[in-house]
Amino acid sequence: MKYEISGLSELADLRRLAELFAVVWGRPGEPPISSDILKALAHSGNYVAGAFLDGRLIGGLVGWLGRDPSEHLHMHSHILGVLPGSEAHGLGFELKQHQRRWCLARGVTSMEWTTDPLVRRNAYFNLTKLGAVAPRYLVDFYGEMRDGINAGDESDRLLIRWELDSRQAEAAAAGDAPDPDLATAGGETILSAGADQEPIAATSSARVLLCQTPADIVALRRSAPALARGWRIALRNALGGSLSAGYIIAGATRSGWYVLERRAE
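Counting in the numbering used here, the sequence shown runs from 6 upward without gaps.
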């Protein structure tokens, strides 16, 4: 399916984009980023793009340029939203590739954003489909959030870093990114789902570790909030603890497993 992706700068389009984000985040009329902020970002030369199908806005992506005191200029990719429905299948990938090309055309070779480590489809998308890495676990990064996706949970995040001209990013753009193979990884499990979908934690100092995520954390927050909070703490200890102990996330599978490897000395 062919989408048209283009930069947005007119206020009418930016209002439509803000409301699209509000719908995706489950709070119609209360967008997570307002049209006046979108206007300021677009006017100051940042990335504000929309995706259209037959003239209808069905997705959008927003980011701005930033600089860590010790790093080069990079793109902070803040929010990506796609209306639910099969007609938008694959649009998130196309939006990120459009943003990647926009950055490279301007000499920006690194991009960062944050993602909820409990959302397995996001882990697979970011770390495998895009070829990015996740160097840091950020505890309760945004504080309390009240939208329809995050309400009732602490806002732990993984920092995602995408080196846009890397071999991994180029392979991913061409559709050649390999999925991690659990059968050959040979790792030991430090977090998995039990018979009642409860988190089961274990400890290991093996070279390769495996860490599972729940099937649908957003639905779990609604149906069993205490269980969802249990997963948050369990993943914080397992994944965040492993990163602090010197492991790196080598990849994420479509079936919801993080593969971690001990960092080479």
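For every residue, glycine included, the Cβ atom is placed at its ideal position computed from N, Cα and C.
DSSP bridge partner residues for Ile254 (one or two, in chain order): Position 249 of the sequence shown, counted from the first residue, corresponds to residue 254. Looking at the DSSP assignment, Ile254 forms a beta bridge with Leu265.
Tyr163 versus Leu58: straight-line alpha-carbon distance, rounded: Here the question's residue 163 lines up with position 158 in the sequence shown. Here the question's residue 58 lines up with position 53 in the sequence shown. Note that residue 163 is Leu in the sequence shown, not Tyr. Computed Cα separation, rounded: 31 Å.
Alpha carbon of Gly136 to alpha carbon of Ser228, nearest angstrom: Mapped onto the sequence shown, residue 136 falls at position 131. Mapped onto the sequence shown, residue 228 falls at position 223. Computed Cα separation, rounded: 33 Å.
Cβ-Cβ distance between Glu169 and Leu96 below 8 Å: As a working mapping, residue 169 is identified with position 164 in the sequence shown. As a working mapping, residue 96 is identified with position 91 in the sequence shown. First, the amino acid is wrong: residue 169 is Leu here, not Glu. Against a cut-off of 8 Å, the Cβ pair of Leu96 and Leu169 comes out as no contact.
Whole-angstrom distance between Gly112 and Thr258, CA atom to CA atom: Taking the first residue of the sequence shown as 1, we reach residue 258 at position 253. Taking the first residue of the sequence shown as 1, we reach residue 112 at position 107. Each residue's alpha carbon lies about 31 Å from the other.
Those runs of the alpha helix (DSSP H) which lie wholly inside the segment 153-215 and span at least 4 residues: 172-178, 187-190
CA-to-CA distance, Pro204 to Pro230, given in whole angstroms: As a working mapping, residue 230 is identified with position 225 in the sequence shown. As a working mapping, residue 204 is identified with position 199 in the sequence shown. Each residue's alpha carbon lies about 13 Å from the other.
C-beta contact flag for Ala54 and Ser11 at 8 Å: Translated into positions along the sequence shown, residue 54 becomes position 49. Translated into positions along the sequence shown, residue 11 becomes position 6. In contact: Ala54 and Ser11 (Cβ atoms closer than 8 Å).
Buried or exposed by the 16-neighbour rule on C-beta atoms within 10 Å, applied to Glu117: The sequence position of residue 117 within the sequence shown is 112, counting from 1. Buried: at least 16 other Cβ atoms inside 10 Å.
Terminal residues of the alpha helix (DSSP H) in which Trp236 lies: Taking the first residue of the sequence shown as position 1, residue 236 is located at position 231. Counting along the chain, the alpha helix (DSSP H) containing Trp236 begins and ends at 230-240.
Closest by C-alpha distance to Thr194, when choosing among Ala177, Ala47, Trp262, Asp18: Taking the sequence shown and counting its residues from 1, the one referred to as residue 194 is at position 189. Among Ala177, Ala47, Trp262, Asp18, the Cα nearest to that of Thr194 is on Trp262.
Simplified DSSP state of Ala139, which is helix, strand or coil: Position 134 of the sequence shown, counting from 1, holds the residue named residue 139. Correct three-state label for Ala139: strand.
Identity of the residues DSSP links to Ala56 by a beta bridge: Within the sequence shown, residue 56 is the residue found at index 51, counting from 1. Per DSSP, Ile10, Gly64.
Residues near Arg241 by beta carbon distance below 8 Å, same chain, minus five either side: Position 236 of the sequence shown, counted from the first residue, corresponds to residue 241. So the list reads Tyr142, Val144, Asp161, once near-sequence residues are dropped.
Pairwise C-alpha distance: Gln173 and Leu196: If you number the sequence shown from 1, residue 196 lands on position 191. If you number the sequence shown from 1, residue 173 lands on position 168. Approximately 27 Å between the Cα atoms of the pair.
His94 in three-state terms, based on DSSP: In the sequence shown, the residue the question calls residue 94 occupies position 89. The answer is coil: DSSP assigns His94 none of H, G, I, E or B.
C-alpha gap between Lys134 and Ala182, whole angstroms: Position 129 of the sequence shown, counted from the start, is the residue given in the question as residue 134. Position 177 of the sequence shown, counted from the start, is the residue given in the question as residue 182. The alpha-carbon atoms of Lys134 and Ala182 are separated by roughly 6 Å.
Own chain, CB closer than 8 Å to Arg106, minus 5 neighbours either side, in chain order: Position 101 of the sequence shown, counting from 1, holds the residue named residue 106. So the list is empty, once near-sequence residues are dropped.
8 Å Cβ cutoff met for Trp69 and His83: Reading the sequence shown from its first residue, position 64 is the one you call residue 69. Reading the sequence shown from its first residue, position 78 is the one you call residue 83. For Trp69 and His83, yes; Cβs fall inside 8 Å.
Enclosing beta strand (DSSP E) for Val28 [first to last residue]: Taking the first residue of the sequence shown as 1, we reach residue 28 at position 23. Run containing Val28: none in the beta strand (DSSP E); it sits in the alpha helix (DSSP H), 16-29.
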